[in-house]
Structures are given as structure tokens and as C-alpha cells.
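Trainee: Anchor point for the sequence shown: position 202 equals 202 in my numbering, and the numbering is continuous, going up by one each time.
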Amino acid sequence: MSEFRIKQKPEDFVVREVMNLDLGGGRFAYYRLKKIGITTQEAVKIISKSFKRKMKYINYAGNKDKNAVAEQYISILHGPKKDLERENLFLEYLGQGRKRINLGDSEGNDFSIVIRNIDKKPNRVSHVVNYFDDQRFGARCNNHVIGRFIIKRDFCKAARLIPEIKDHLKDKPKDCIGALRRIPKRILRMFPNSYQSYLWNRTVSKYIERFKHTHITCCLGKLNVPLEGIENVKVPLIGYDVEFPEFMKDIIETLMKEEVITKEDFRIREMPEFDLPGNMRDMLVEVKNLKIGSLEDDELNPEKRKCKVEFFLPKGSYATIVIKTMLADLNQKAKC
């Protein structure tokens, strides 16, 4: 079985954030950030140092892939009205606005992706299962493990899995909550959110077993995808204040027994900033404006082919899930 490849070079994966900015004047400077081969956090650190502005005054709608060419928008409170160019980033000043950019403010993203090391043209899809992909679970694919420890109030086990706070734990080995709070809140919330995502993926994958299906592969294992049209439904991201729909209540309750968790576990009084009331997420997401290019010789993988695909996804959905689904029944697995 051959492995299709994306991100063999940054130019193979281009993502452009779509956002409507109100440039009516105000305290916040708006910029378009183009970065190559670095994380959004790394880019923000460079901008913070270059503009001599604290990182807490630099805001953006979401993290973008590291191994990619990514364009996104940022706001800086009282930021300078000028561009910035560094080795791996270019920042273009756009104007002023009254509101900072917050997490989730974007409409979505346009993607242009070169799929390499393939033999056949990818399948056309109109919708895919709205799974969370590997990026959600971190470079070590263990963000959800840390999140579960937090949900279970085992703060020390959670803290020991985060390399950035090991020095604090050496000095104060019992101050696990204090160690966790040394991490910026935006990053810290990723861990319990990742655990919610893990539970959501498992719930949906189990539900799809009821239909004719194949699977895609992620860092946490196989996830089922339907081979026939199924109805889109809302699936809960488990929290203390979310209701379970009757048609999958048995799946969720069985999963929670396996995980030894209750809804009330998601109300974390020791660290209220982690409270997770829960919400609903569409099981399917529409793949808009899909274009599939022609098969061409792959200069990086001899005797193999490549194909460029373009599409739009709303915020919170993963382009890599689209690619994996397009190739799912072509008997190919992923190497990102």
C-alpha cells in the first residue's frame, strides 16, 4: 500500500484565512501575516520582539499549520502602522479597527494542496466527516491525554507531560496547578479541548459503524467514514451542560463508562478557566469550491504522480481530513 504525501515542502500546502475586517478606525492595528515553515506562536513571538509589543496584545483567530505557506490576520493593540519582513514571515499593515481579532473570528480557510506519491486521481467529495485531525492532538499526539488528566483533576500527571513547565516543577514539585498556570491560557485550554475532540471522534466513528463504511487513519488510529450518503446530525462535544441526542446516547454513555468520566467532571472548580459546558458540532462539513487538477509526474517521488486540489472549509474543520477522505477508497494511506 503506497502512502500519499502532503507537505513535502511548504509550498505544497497553502492556506489563506478568510475574514471580513471592519477598517473603520480604532485602537487596533490589523495586519495580514504570511508565514512559511513556522508556527503561528513562533511568528507572534517574532512580531512581539520586533514591534516591542507584549504578546498578550497580539491576537489572531486560530493557529495555522507550521509546514505550510499560511496567510492569516492578526490585530495588535496600538500596533505600529507599518509592515514587517523577516526570514520566515511578512506582515502587511492593513488599517485600524475598533475590535481585536479573537479566536474563531474567521469565516474559514481557502486551501491549495499538492498531493504527492499517488497513482490515481483523488475522488470528488461534497461532504466529509468533520473529524478533528492530528494537528488537534499535538506533535506528540498526546494533548488529549493531558486534557483527560486535567478533567480527572490529576493536575500533577498533566503537568509532568508538558516539557515547558518542567523547571517550575523541579523547584516546586507539588505546585502543579501553579505550573499549569504558567502556560498562556490560550494554549492551556487546548488540552481539555483536545480531550473533548478525542471523545467526539470516537463517538462519531462508532456511530458510522451502523452504515456501509471504510476508514481513514489518524495518529490515534482508524476513523470510520461512510461509503454512502448519510444525514448530517449534531454531535455533542461532551461538557457539563450538553444534552445527548437519543440516536447516539447509548454510544456516548458507553464511551464515558470506558473513560470513567461524568458530565460533572467537565466543571473544574479548581481551575475555573477550564470549565467546559460543551456544545454541538456538525457531523458532516461541506467541501466548497472543490477543484481537482490533472495528474502530473511527481518530481519528488520517482514513478509516482501528483495532483493539486483546491477547496474552502469553514472554521474549525481540517483540510487533511478532506484529503484523506478523497483517497480513502483508493487504498492509500497518509504520510503528512
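C-beta: ideal position from N, C-alpha, C; glycine also.
With Gly221 as the anchor, note down where its beta strand (DSSP E) starts and where it stops.
Mentor: From DSSP, the beta strand (DSSP E) with Gly221 extends over 221 to 226.
Trainee: Classify Phe13: buried if its beta carbon has 16 or more other beta carbons within 10 angstroms, exposed otherwise.
Mentor: So Phe13 ends up on the buried side.
Trainee: Taking the alpha helix (DSSP H) that Lys99 belongs to, which residues open and close that run?
Mentor: Looking at the DSSP string, Lys99 is not in any alpha helix (DSSP H), and its letter there is neither H nor E.
Trainee: CA-CA distance, Arg186 and Met280?
Mentor: If you take the alpha carbons of Arg186 and Met280, they lie about 21 Å apart.
Trainee: For the structure I just gave you, are there three or more beta carbon pairs, one from the stretch 11 to 29 and one from the stretch 97 to 109, closer than 8 Å?
Mentor: At 8 Å Cβ cutoff, the stretches touch.
Trainee: Three-state secondary structure (DSSP) at Met326?
Mentor: Helix.
Trainee: Check whether the stretch 85 to 103 and the stretch 286 to 297 touch, using three or more Cβ-Cβ pairs below 8 Å as the test.
Mentor: With a cut-off of 8 Å, the stretch 286 to 297 and the stretch 85 to 103 do not count as touching, because too few Cβ pairs lie within range.
Trainee: Can you give, in chain order, each stretch of the alpha helix (DSSP H) that sits fully within the stretch 27 to 62 and has at least 4 residues?
Mentor: Qualifying alpha helix (DSSP H) stretches, in chain order: 40 to 51.
Trainee: Mind checking which residues open and close the beta strand (DSSP E) that includes Val15?
Mentor: Per DSSP, Val15 belongs to the beta strand (DSSP E) from 13 to 18.
Trainee: Would you mind reading off the limits of the alpha helix (DSSP H) that contains Leu300?
Mentor: Note, Leu300: premise wrong, no alpha helix (DSSP H); not H, not E.
Trainee: Identify the continuous alpha helix (DSSP H) that holds Gln196 and give its terminal residues.
Mentor: Per DSSP, Gln196 belongs to the alpha helix (DSSP H) from 190 to 208.
Trainee: Is the beta carbon of Phe4 sitting closer than 7 Å to the one on Gly97?
Mentor: The answer is no: Cβ separation not under 7 Å.
Trainee: Would DSSP call Lys249 helix, strand or coil?
Mentor: In the structure shown, Lys249 sits in a helix (DSSP, three-state: H, G or I).
Trainee: Under the rule that 16 or more other beta-carbon atoms within 10 Å means buried, what is Glu253, buried or exposed?
Mentor: So Glu253 counts as exposed.
Trainee: With distances taken between CB atoms, is the gap from Lys35 to Ala43 smaller than 7 Å?
Mentor: In contact: Lys35 and Ala43 (Cβ atoms closer than 7 Å).
Trainee: I believe Tyr240 touches Pro277 by the beta-carbon criterion, under 8 Å. Please report the beta-carbon distance rounded to the nearest angstrom.
Mentor: With 8 Å as the limit, Tyr240 and Pro277 qualify as a contact, their Cβ atoms being about 6 Å apart.
Trainee: To which residues does DSSP link Gly95 through a beta bridge?
Mentor: Answer by DSSP bridge pairing, in chain order: Tyr30.
Trainee: Roughly how many whole angstroms lie between the Cα atoms of Pro302 and Lys9?
Mentor: If you take the alpha carbons of Pro302 and Lys9, they lie about 16 Å apart.
Trainee: Hey, how far is the Cα of Asp65 from the Cα of Thr39?
Mentor: Their Cα atoms are separated by approximately 6 Å.
Trainee: Checking contacts by CB at 7 Å: is Phe155 closer than that to chain C?
Mentor: No chain C appears in this structure, which consists of one protein chain only.
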